[in-house]
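Line order of the protein sequences matches chains A and B.
To convert, take the position in the first sequence, counting from 1, and add 359; that gives the numbering used here.
To convert, take the position in the second sequence, counting from 1, and add 165; that gives the numbering used here.
Glycine is no exception: its CB is placed at the ideal position from the N, C-alpha and C atoms.
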Amino acid sequence: MHELLKTWKPSKAEPWDFDSAAHLWRRAGFSAATEQVRSTLQRTPADAVRQMVDGPGKEPATEELEFIYQSVLGSDKVDDARAWILMRMVRSEHQLREKLALFWHGHFATSFAKVRDVGWMMRQYRLFLNDGLGKFPVLLDAVARDPAMIRWLDNETNRKGQANENYAREVFELFTLGEGNYSEQDIREAARAFTGWHIMREQFHFARSLHDRGEKTIFGQTGKFGGEDVQRLALEQDACGRFLAGKLLRFFVMPEPDEAVVTSLGAAMKKNGYDVAATMRIVLGSRLFFSPQARRSIVKSPIDFVVGSARALELRQTNTKAAVPTLRLMGQDVLSPPNVKGWPGDRAWINTATWLTRVRAARAIAAQAKQSLGVDGSALALLGRPLPPEERASLQSSGAGSAETVQALLTLPEVHLA
Amino acid sequence: MSCSEKRALDRRSFLKSGMAASAAALALPALFSRAALAAAESDRVLVLIQLDGGNDGLNTVIPFGDDLYYKARPSLGIKAGQLTKLDDHIGLHPALAPLRAAWDDSALSVVQGVGYPEPNRSHFTSTDIWQTASTTTPDRWSGWVGRALDRDAAGREVPGLQLDGGPLSLALVGEKVVVPSVADANGFRVDAGRRDLVLQMAKRTRKADNAEFIRRSAAQAYNTSARIERALKDSAGRGAYPQTPLANRLWQVARLIEARMSSRVYALRLSGFDTHSRQGEAHQALLAELGGALGAFHTDLKAKGLDKRVLCVTYSEFGRRVKENRSLGTDHGAAAPMIVMGGGARDGIVGRHPRLDDLDDGDLRFHTDFRQVYATILDRWIGVDSTAVLGSKFKPVNFIES
Numbered sequence: 360m361h362e363l364l365k366t367w368k369p370s371k372a373e374p375w376d377f378d379s380a381a382h383l384w385r386r387a388g389f390s391a392a393t394e395q396v397r398s399t400l401q402r403t404p405a406d407a408v409r410q411m412v413d414g415p416g417k418e419p420a421t422e423e424l425e426f427i428y429q430s431v432l433g434s435d436k437v438d439d440a441r442a443w444i445l446m447r448m449v450r451s452e453h454q455l456r457e458k459l460a461l462f463w464h465g466h467f468a469t470s471f472a473k474v475r476d477v478g479w480m481m482r483q484y485r486l487f488l489n490d491g492l493g494k495f496p497v498l499l500d501a502v503a504r505d506p507a508m509i510r511w512l513d514n515e516t517n518r519k520g521q522a523n524e525n526y527a528r529e530v531f532e533l534f535t536l537g538e539g540n541y542s543e544q545d546i547r548e549a550a551r552a553f554t555g556w557h558i559m560r561e562q563f564h565f566a567r568s569l570h571d572r573g574e575k576t577i578f579g580q581t582g583k584f585g586g587e588d589v590q591r592l593a594l595e596q597d598a599c600g601r602f603l604a605g606k607l608l609r610f611f612v613m614p615e616p617d618e619a620v621v622t623s624l625g626a627a628m629k630k631n632g633y634d635v636a637a638t639m640r641i642v643l644g645s646r647l648f649f650s651p652q653a654r655r656s657i658v659k660s661p662i663d664f665v666v667g668s669a670r671a672l673e674l675r676q677t678n679t680k681a682a683v684p685t686l687r688l689m690g691q692d693v694l695s696p697p698n699v700k701g702w703p704g705d706r707a708w709i710n711t712a713t714w715l716t717r718v719r720a721a722r723a724i725a726a727q728a729k730q731s732l733g734v735d736g737s738a739l740a741l742l743g744r745p746l747p748p749e750e751r752a753s754l755q756s757s758g759a760g761s762a763e764t765v766q767a768l769l770t771l772p773e774v775h776l777a
Numbered sequence: 166m167s168c169s170e171k172r173a174l175d176r177r178s179f180l181k182s183g184m185a186a187s188a189a190a191l192a193l194p195a196l197f198s199r200a201a202l203a204a205a206e207s208d209r210v211l212v213l214i215q216l217d218g219g220n221d222g223l224n225t226v227i228p229f230g231d232d233l234y235y236k237a238r239p240s241l242g243i244k245a246g247q248l249t250k251l252d253d254h255i256g257l258h259p260a261l262a263p264l265r266a267a268w269d270d271s272a273l274s275v276v277q278g279v280g281y282p283e284p285n286r287s288h289f290t291s292t293d294i295w296q297t298a299s300t301t302t303p304d305r306w307s308g309w310v311g312r313a314l315d316r317d318a319a320g321r322e323v324p325g326l327q328l329d330g331g332p333l334s335l336a337l338v339g340e341k342v343v344v345p346s347v348a349d350a351n352g353f354r355v356d357a358g359r360r361d362l363v364l365q366m367a368k369r370t371r372k373a374d375n376a377e378f379i380r381r382s383a384a385q386a387y388n389t390s391a392r393i394e395r396a397l398k399d400s401a402g403r404g405a406y407p408q409t410p411l412a413n414r415l416w417q418v419a420r421l422i423e424a425r426m427s428s429r430v431y432a433l434r435l436s437g438f439d440t441h442s443r444q445g446e447a448h449q450a451l452l453a454e455l456g457g458a459l460g461a462f463h464t465d466l467k468a469k470g471l472d473k474r475v476l477c478v479t480y481s482e483f484g485r486r487v488k489e490n491r492s493l494g495t496d497h498g499a500a501a502p503m504i505v506m507g508g509g510a511r512d513g514i515v516g517r518h519p520r521l522d523d524l525d526d527g528d529l530r531f532h533t534d535f536r537q538v539y540a541t542i543l544d545r546w547i548g549v550d551s552t553a554v555l556g557s558k559f560k561p562v563n564f565i566e567s
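1. Spatial neighbours of A/Q428 within its chain, please: CB distance less than 8 Å, with the 5 preceding and 5 following residues excluded, ordered by chain position.
2. Kindly indicate which three-state DSSP category B/L435 falls into: helix, strand or coil?
3. Go through the segment 247-307 of chain B residue by residue and report every complete run of the alpha helix (DSSP H) that reaches 4 residues or more, in order.
4. Is A/L455 near A/L647, with beta carbons less than 9 Å apart?
5. So which residues on chain A does B/Q385 lean against when the C-beta distance must stay under 7 Å?
6. Would you kindly work out how many angstroms separate the C-alpha atoms of B/L455 and B/Y480, rounded to a whole number?
7. In the DSSP assignment, the beta strand (DSSP E) including B/G325 goes from what residue to what residue?
8. Rank B/N388, B/I504, B/L476, B/D496 by C-alpha distance to the C-alpha of B/F535 and give the top, closest one.
9. Quick check on B/D208: does DSSP put it in helix, strand or coil?
10. Taking Cβ-Cβ distances shorter than 7 Å, what residues in chain A pair up with B/S138?
11. May I have the straight-line CA-CA distance separating B/V275 from A/L741, to the nearest angstrom?
12. In terms of DSSP beta bridges, what is A/S645 paired with?
13. Have a look at A/F487 and A/E543 and give me their C-alpha separation to the nearest angstrom.
14. Just the chain B side, please: which residues come within less than 9 Å of A/E618 by C-beta, in chain order?
15. Using CA coordinates, which residue listed in B/L476, B/G242, B/A499 is at the minimum distance from B/E446?
16. To the nearest angstrom, how far is it from the Cα of A/T713 to the Cα of A/V412?
17. Please identify the residue among B/Q417, B/A237, B/A461, B/P324 whose C-alpha is closest to the C-alpha of B/S427.
18. Run through DSSP, which three-state label would A/S451 get?
19. Suppose contacts are defined by Cβ-Cβ distances below 9 Å. Is A/V693 in contact with A/R441 by that definition?
20. Does DSSP put A/V665 in a helix, a strand or coil?
21. Strictly under 9 Å for the Cβ-Cβ distance: is A/D439 near chain B by that measure?
22. Taking a contact to mean a Cβ-Cβ separation below 9 Å, would you say A/V530 touches A/A593 in this structure?
23. Relative to the C-alpha of B/D232, which candidate in B/H254, B/D439, B/Q215, B/G219 has its C-alpha closest?
24. Considering only the beta carbon of each residue, do A/N489 and B/P345 sit closer than 9 Å?
25. Please compile the residues from chain A whose C-beta is within a distance smaller than 9 Å of the C-beta of B/F378.
26. Measuring straight from C-alpha to C-alpha, what distance separates B/L264 and B/N563?
27. In whole angstroms, what separates the C-alpha of B/Y431 from that of B/V212?
28. Quick one: which chain B residues come within Cβ less than 9 Å of A/R528?
29. Any heavy atom of the ligand SAM closer than 8 Å to the Cβ of A/E524?
30. Out of B/F378, B/R209, B/L216, B/S240, point me to the one whose CA is closest to B/G484's CA.
31. Are A/H466 and A/K606 closer than 9 Å when you measure CB to CB?
32. Can you list the residues of chain B that A/L694 reaches, using a CB-CB cut of under 8 Å?
33. Can you check whether the C-beta of A/K606 is within less than 9 Å of a C-beta belonging to chain B?
34. Assuming B/I514 and B/T541 form a contact by the criterion Cβ under 8 Å, report the distance between their Cβ atoms to the nearest whole angstrom.
35. Helix, strand or coil, according to DSSP, for A/I724 in the structure here?
36. When the Cα atoms are used, what is the spatial distance from B/L337 to B/S291?
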């Protein structure tokens, strides 16, 4: 294992302090209230990471969230489904589960724009919630049989003699290997292996008569392969570990991780059978994760900004439905990623239009913020560390009211870094 | 009123808005130098329209004189009588009839057979290739327009503008410039409330890559907002454009050019060209949106005497296969034509139509590299050395007057 992936041991120079714990909450979840960050600080770092990965066990909000899920499932109101996802992010105690669900949604990016069925989209998202911390091969197979995905990538029309390559191409290019690690021939053959993976009565259905049972050659191996074999063959490639490791590191640690670290984590993933929980224990507990280079290195996604600010400022009753159109203007409309590649993230989040929307959202968030936190309390909760003296002075001399001060805080560039 | 008087007036009314004043005082004082305030009258503008999804070039610029076309397209082929004919062999799709006026004004070019070696059929990869102008570099993160603006637009208030509601196109990503992207220039308002405080906070950032990036982006956002709001106050001439999103955006572009906004490049996107099934109607509607918008834009600019300053160019990540598929659609292909409109365009058809009897694995063969087209735009229109932007020398194509 690469040096930087070894378990971080706090030191005098790099102590396990409030900033470290707040960093963990920003990345493994959507931030946390100051009190919760302090209680994390009572544990050892390793213990804190373990709890992030395993979850708290009992979820007080489960029943209500489940009730909402069931009632939106049969409706045609996709914004209600989006509000359900956001409410989970605000309320759920097992924050990493929510964060990883969003990661997998971006990875297997499927859009309501084409699927046009709220229930299908919600069921797919639920798959990411349920299996997102499990073994990746299980998730990959579940996604291949997911009706929303089958419709999204046209596998309904993939049949013997008239193969549609769309799904097979994305399995290699976007789900497992990345560009450059397969040939056009591999795609053509893999598409044949997925023929007949269709939908019937809103469920996965293997249409035996439409499946091409002939021999296929993929990555130099020949056999009467089916879709399961394509997945197995892809997972056997070294490129698969590297590809997934790179994506996880860019999402959870830093925008440009070192190639050697990516390769090392990729090898570890392949070895542990692509166990996501085990991988997240390595990533979140690593020296790299807690290094100064990693902290505040990634531009917050709109959801990180909105949900994270709501949690940090303890706005537990946030109207998540009202946040949906705002997030859309900021470029992150959950259940409608921009294309099959998902959201590019980091700097791509910020441009003139999205920034102005963030400023407007800051005003709305500030209006609901608890007055009792004060300037220093709000700054600590939002930044993970006290406000630098220069900025503190400028805020106080401005003579602005409390809400305006919080709004100004929320437009600090540093608040937009995760 | 002379130009300098008008400019002085612009400057006064600009300064009157509280936002501009605070922006000037706190964020970007350099903007108020004259050169940065407005475009010079000689400045040429590029309007780049991305046909997203892979436009079927063969059903856009149609070789009606070739029987092989009708053989390959038994259902989707369009009869010669319906086309806007450009010569004895080539005609435009009927939905592009509004381009006739530009053609008659000698302000329309069709550059045929554009592509690149070993075409990639992934939407994303091929779009990246077109937008970065690189078929090989693994580390593709800046775009050809962004790199050109890096060399041209230093100090410009708004170096370029994306106006299409989508995420920022990779084409516009530079190493220095930040090109803003807005969905609709009218929704570009930020509540004035505590803008000065917000700006002041945004200004103070300790040096850190992404923090500095956000600070710059924020300062630019506040500034652009004020400028665009002013340019679009008056909705004159809107009625002459069709009621489509693309036409609305081109109307906005015309107003911003008229207001002498400093942008050299406007990027727009029309999506939906991935016509794998039942292509006929969908493609007709897309080309009608394109043709109608471009036609109105040409008429508008000509009436305002701005047509000689503006060049419009369309591009798409790839064309489609020559043979239609069994779903009455077409699959991902290779070479395709580019449509060029404006005062700089030489009228005419540039290059021959790719042969239909000599295909590359079922696709049209390209004879003009898309980077030759870029090099021509960079050297002859924008006035930035194409070799520096593209990394090597590409032979120009004669679709712009030298």
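By the coordinates alone:
1. Locating residue 428 of chain A in the first sequence gives position 69, where the first residue counts as 1. Here residue 428 of chain A turns out to be Tyr, not Gln, going by the sequence shown. So the qualifying residues of the chain are W443, M481, R485.
2. Start at 1 with the first residue of the second sequence, and residue 435 of chain B comes out as number 270. Strand at B/L435.
3. Listed in chain order, the complete alpha helix (DSSP H) runs (minimum 4 residues) inside the segment 247-307 of chain B are 265-269, 288-297.
4. Working through the first sequence from its first residue, we reach residue 455 of chain A at position 96. Working through the first sequence from its first residue, we reach residue 647 of chain A at position 288. Taking 9 Å as the Cβ cut-off, A/L455 and A/L647 do not qualify as a contacting pair.
5. Here residue 385 of chain B is taken as the residue at index 220 of the second sequence, counted from 1. Neighbours of B/Q385 on chain A, chain order: T711.
6. In the second sequence, residue 455 of chain B corresponds to position 290, counting from 1. In the second sequence, residue 480 of chain B corresponds to position 315, counting from 1. Between B/L455 and B/Y480, the alpha-carbon positions lie close to 12 Å from each other.
7. Taking the second sequence and counting its residues from 1, one reaches residue 325 of chain B at position 160. Counted as a single uninterrupted DSSP element, the beta strand (DSSP E) harbouring B/G325 occupies residues 325-328.
8. As a first step, residue 535 of chain B must be located in the second sequence, where it is residue number 370. Closest option to B/F535, Cα to Cα, is B/I504.
9. For the purposes of this step, residue 208 of chain B is taken as the residue at position 43 of the second sequence. Coil at B/D208, not helix or strand.
10. The question about residue 138 of chain B has no answer here: the residues shown for chain B are numbered 166 through 567.
11. Translated into positions along the second sequence, residue 275 of chain B becomes position 110. Translated into positions along the first sequence, residue 741 of chain A becomes position 382. Counting only the Cα atoms, A/L741 lies some 55 Å from B/V275.
12. Indexing the first sequence from 1 puts residue 645 of chain A at position 286. Secondary-structure assignment with DSSP links A/S645 through a beta bridge to A/T366.
13. Here residue 487 of chain A refers to the residue found at position 128 of the first sequence. Here residue 543 of chain A refers to the residue found at position 184 of the first sequence. Straight-line Cα distance between these residues: approximately 29 Å.
14. Here residue 618 of chain A refers to the residue found at position 259 when the first sequence is read from its first residue. The premise fails here: A/E618 is roughly 11 Å from chain B at the closest Cβ pair, so nothing lies under 9 Å.
15. As a first step, residue 446 of chain B is located in the second sequence; it is residue number 281 there, counting from the start. The residue among B/L476, B/G242, B/A499 with its C-alpha nearest the C-alpha of B/E446 is B/G242.
16. In the first sequence, the residue the question calls residue 713 of chain A occupies position 354. In the first sequence, the residue the question calls residue 412 of chain A occupies position 53. Rounded to the nearest angstrom, the gap between the Cα atoms of A/T713 and A/V412 is 32 Å.
17. Within the second sequence, numbered from 1, the residue matching residue 427 of chain B stands at position 262. Cα-wise, what sits closest to B/S427 is B/P324.
18. In the first sequence, residue 451 of chain A corresponds to position 92, counting from 1. A/S451 sits in coil when the DSSP states are folded into three classes, being neither helix nor strand.
19. Here the question's residue 693 of chain A lines up with position 334 in the first sequence. Here the question's residue 441 of chain A lines up with position 82 in the first sequence. Yes.
20. As a working note, residue 665 of chain A is residue 306 in the first sequence. Residue state, collapsed to three classes: helix.
21. Within the first sequence, numbered from 1, the residue matching residue 439 of chain A stands at position 80. Interface residue (Cβ-Cβ distance to chain B less than 9 Å): A/D439 is not classified as such.
22. Translated into the one-based positions of the first sequence, residue 530 of chain A becomes position 171. Translated into the one-based positions of the first sequence, residue 593 of chain A becomes position 234. Yes.
23. Taking the second sequence and counting its residues from 1, the one referred to as residue 232 of chain B is at position 67. In terms of CA proximity to B/D232, B/H254 leads the group B/H254, B/D439, B/Q215, B/G219.
24. For the purposes of this step, residue 489 of chain A is taken as the residue at position 130 of the first sequence. For the purposes of this step, residue 345 of chain B is taken as the residue at position 180 of the second sequence. Taking 9 Å as the cut-off, the beta carbon of A/N489 is found no closer than this to the beta carbon of B/P345.
25. Start at 1 with the first residue of the second sequence, and residue 378 of chain B comes out as number 213. The contacting residues are V658, R706, I709, P772.
26. What you label residue 264 of chain B is simply residue 99 of the second sequence in a count that begins at 1. What you label residue 563 of chain B is simply residue 398 of the second sequence in a count that begins at 1. Our two residues, B/L264 and B/N563, have alpha carbons roughly 20 Å apart in a direct line.
27. In the second sequence, residue 431 of chain B corresponds to position 266, counting from 1. In the second sequence, residue 212 of chain B corresponds to position 47, counting from 1. Straight-line Cα distance between these residues: approximately 5 Å.
28. As a position in the first sequence, residue 528 of chain A is number 169, starting the count at 1. Chain B residues near A/R528: R286, S287.
29. The ligand SAM is not part of the structure shown, which contains no ligands of any sort.
30. Residue mapping note: residue 484 of chain B aligns to position 319 of the second sequence, counting from 1. Minimum Cα-Cα distance from B/G484 among the listed residues B/F378, B/R209, B/L216, B/S240 corresponds to B/L216.
31. Taking the first sequence and counting its residues from 1, the one referred to as residue 466 of chain A is at position 107. Taking the first sequence and counting its residues from 1, the one referred to as residue 606 of chain A is at position 247. Result yes, Cβ atoms of A/H466 and A/K606 sit closer than 9 Å.
32. Position 335 of the first sequence, counting from 1, holds the residue named residue 694 of chain A. Here the premise fails: no neighbours, minimum Cβ distance about 17 Å.
33. On the first sequence, residue 606 of chain A is found 247 positions in, with the first residue counted as 1. Output row for A/K606: interface = no.
34. Within the second sequence, the letter at position 349 stands for residue 514 of chain B. Within the second sequence, the letter at position 376 stands for residue 541 of chain B. A Cβ-Cβ distance of about 16 Å is found for the pair B/I514 and B/T541, leaving them out of contact under the 8 Å criterion.
35. Residue 724 of chain A sits at position 365 when you count from the first residue of the first sequence. Reduced to three states, the DSSP call for A/I724 is helix.
36. Here residue 337 of chain B refers to the residue found at position 172 when the second sequence is read from its first residue. Here residue 291 of chain B refers to the residue found at position 126 when the second sequence is read from its first residue. Cα to Cα, B/L337 sits roughly 16 Å from B/S291.
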